Each structure stands twice: as C-alpha cells, then as structure tokens.
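A.B. asks:
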Amino acid sequence: MPRETGLVERLRLRLLSYNIQSGLSTRRYSDYVTRSWKHLLPVPSRMNNLDGIASMLSDFDIVGLQEVDTGSLRSGFVDQAAYLASRGGFPFVHDQTNRRIGMISQHSNALLSRFRPSAIDEHRLPGLIPGRGVLAVRYGSGEDALHVFILHMALGRRGRVQQFDFLIRLIGAHRHVIVMGDLNCRVDSPELLALLAATGLSEPAPDLHTFPSWSPKRQLDHILVSPSIEVEHVEVLQHTFSDHRPLAMRVALPRRSVFGAVSTYQ
C-alpha cells in the first residue's frame, strides 16, 4: 500500500539573495573612485555581466535582487529585472523602483519567481534619506501562506533601526516568513537582533561573508527564516559579478503552506 504523503511531504525551494550593483563588477576598493563613471553611463561589459548573472540565477526558484536598474541611461535603458527574468527562465517578475535620479538611474528591488505570487505589496521604508523599500510577497492564502520580504536597508544605523521596526510590524504574526536582502549590518548588530527577537526569525548561517566580493570579510547579505521552515543548505556562491557575492539557501516547508503557489507553477 503506498505511503500517504499529502500533508507531510516537504516542498523544497531554492532561494537566492543578490545585490547586483546594477550589473557592474568591482575588483578592488579603488574601483569605486576610478570607475565611478560606470554608475552613470552605459558600458558594454554590463550586459555581458548580466548574462552571467542570468545563467547563475537559472538554478533557483525564488530570487530577491537589490540594486537593480529598471531602465535608465546607465543600463542602456534596459529593464534589468525583466532581462534577467527572461534570460533566467522565470515566468514571474516584479520590480520596485525606490530611487530615481532623472534619466541616469532607477534603483530598484526585484523578485524573480517560478511560482505565481498570490499578492505583492510595495512599501517605502522610513529613514532620513528616502529611497529604500521592501517588496512583500505572498504565496498562498490564510495562515499557511508563505510570506517573502525582499529589501535593501540603509547604510546608517539610525535609519536601519527605523526600518527594522517597520519590518517587524509588516511581519506581524505570519507563520511562514522569509526575509532576504542586503541588510547592511551583521547578524549581531543590535537592530538585527531586535528583529530576530521580535519575530522569532533566525539566521541559519551567521558566519557567511558576502562583501566585498573580491575578498569577503563582512556579512551584509542575509536570508532569515521562521522556525517552521527547515534549512537544508546555505552557501555563499563564488561569483564576482558585483561588489557583493550571492547568498543561496535551500529550504523545505510543508506543501500545504504554499499549495496555492505550487498549483500555478510554470
């Protein structure tokens, strides 16, 4: 007699969080000065870099991107979120542009997904300097829904404290939560510890360094998960397409918690 697995079978998801620096690679700190013009003007190497990123992303199910340019002068008016989704084979893409500097740049967060989200909300993060945001993505419905938050936190601690407080309110009492992004702080920073204490989220691998990409010494990029989500594997990928390295995670969760998303997989 076959074993019944309907309510206990675990759905595995491959997650990736990546700050892509608008498709620019950086090899040393001096590049921020000597190659600063590349943050304002289009260069052919940016598209080659995006193709490499797209190839790498194709191994994942849900991708959270930061510092994506969604179609300005510096990107050659290419919507990088749409381009990466197309090249990586993702049927669902959503971007949130948080900072526009005329025609020069469009600073954005983006979701690339192989599952159809049930809902996506865009929120502006508080702070002294505007231009930060969080994508709140829901898969499924009711108390068993999976909630994914993609964000890029402020550089200054005062701003991050306000932003983490805002995120705590967004998470509320949700049972199945994934937070992914460039949080611009270590896991032992007071503001991140406050988030973990208030929400019950955890940092499964607190010693993985993602910045700078050419010699990682700082843990700025994180994927945080609820206790209901089983983490099977975490690693920093050895790609240097940006000034950050990508953070990858494989998780398992009860199939019923994202059943609505599974039913619309493409």
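For what it's worth, full-length UniProt numbering labels the leading residue of the sequence shown as 1, then goes sequentially. For each residue, glycine too, the CB sits at the ideal point set by N, CA and C. Note that the structure is predicted; figures quoted are calculated from it, not measured.
1) Enumerate, from N- to C-terminal direction, the unbroken alpha helix (DSSP H) stretches of 4 or more residues contained entirely within the stretch 17-104.
2) For the beta strand (DSSP E) that contains residue 221, what are its first and last residues?
3) Would you say the stretch 245-254 touches the stretch 217-234, given that touching needs at least three Cβ pairs under 8 Å?
4) Inspect the beta-carbon positions of residue 92 and residue 58 and report whether they are closer than 7 Å.
5) With DSSP run on the structure shown, which of helix, strand or coil describes residue 121?
6) The alpha helix (DSSP H) with residue 161 in it runs from where to where?
7) Which residue marks the beginning of the alpha helix (DSSP H) containing residue 193, and which one marks its end?
8) With burial defined as no fewer than 16 other Cβ atoms inside 10 Å of the residue's Cβ, what is the status of residue 45: buried or exposed?
9) Are there 16 or more other CB atoms within 10 angstroms of the CB of residue 77, so buried, or fewer, so exposed?
10) Quick one: using the 10 Å Cβ neighbour count with 16 as the cut-off for buried, is residue 128 buried or exposed?
11) Suppose you measure from the CA of residue 233 to the CA of residue 14; what does that come to, to the nearest Å?
12) Once the 5 residues before and after residue 94 are set aside, which same chain residues still bring their CB inside 6 Å of it?
13) Considering Cα atoms alone, identify which of 12, 19, 105 is closest to residue 212.
14) Cα separation between residue 156 and residue 191?
15) With DSSP as the reference, label residue 140 as helix, strand or coil.
16) Quick check: the Cα distance between residue 47 and residue 23, rounded to an integer number of angstroms?
17) If we ignore side chains and look at the alpha-carbon of each, how far apart do residue 146 and residue 88 end up?
18) Would residue 61 be called buried (16 or more neighbouring beta carbons within 10 Å of its own) or exposed?
19) Per the DSSP calculation, residue 107 is bridged to which residue(s)?
20) With distance defined between alpha-carbon atoms, name the residue in 43, 149, 143, 184 nearest to residue 158.
21) Under a three-way DSSP split, which group does residue 246 fall into?
22) Report the rounded CA-to-CA distance for residue 173 versus residue 201, giving the unit in angstroms.
23) I need the DSSP call for residue 259, collapsed to helix, strand or coil.
C.D. replies: Judging by the given coordinates:
1) Runs of the alpha helix (DSSP H) inside the stretch 17-104: 31-34, 44-57, 80-88.
2) Run containing residue 221: 221-225, per the beta strand (DSSP E) assignment.
3) yes
4) no
5) strand
6) First-last of the alpha helix (DSSP H) with residue 161: 157-171.
7) Element bounds for residue 193: 190-199.
8) exposed
9) Label assigned to residue 77: exposed.
10) exposed
11) 9 Å
12) 111, 120
13) 19
14) Rounded to whole angstroms, residue 156 to residue 191 spans 11 Å at the Cα level.
15) coil
16) So the alpha carbons of these two residues sit roughly 7 Å apart.
17) 23 Å
18) buried
19) 69, 99
20) It is 184.
21) Residue state, collapsed to three classes: coil.
22) 11 Å
23) For residue 259, the predicted structure reports a pLDDT of 48, less than 50, and the residue's modelled location is therefore unreliable. A value from the coordinates is still provided. Helix at residue 259.
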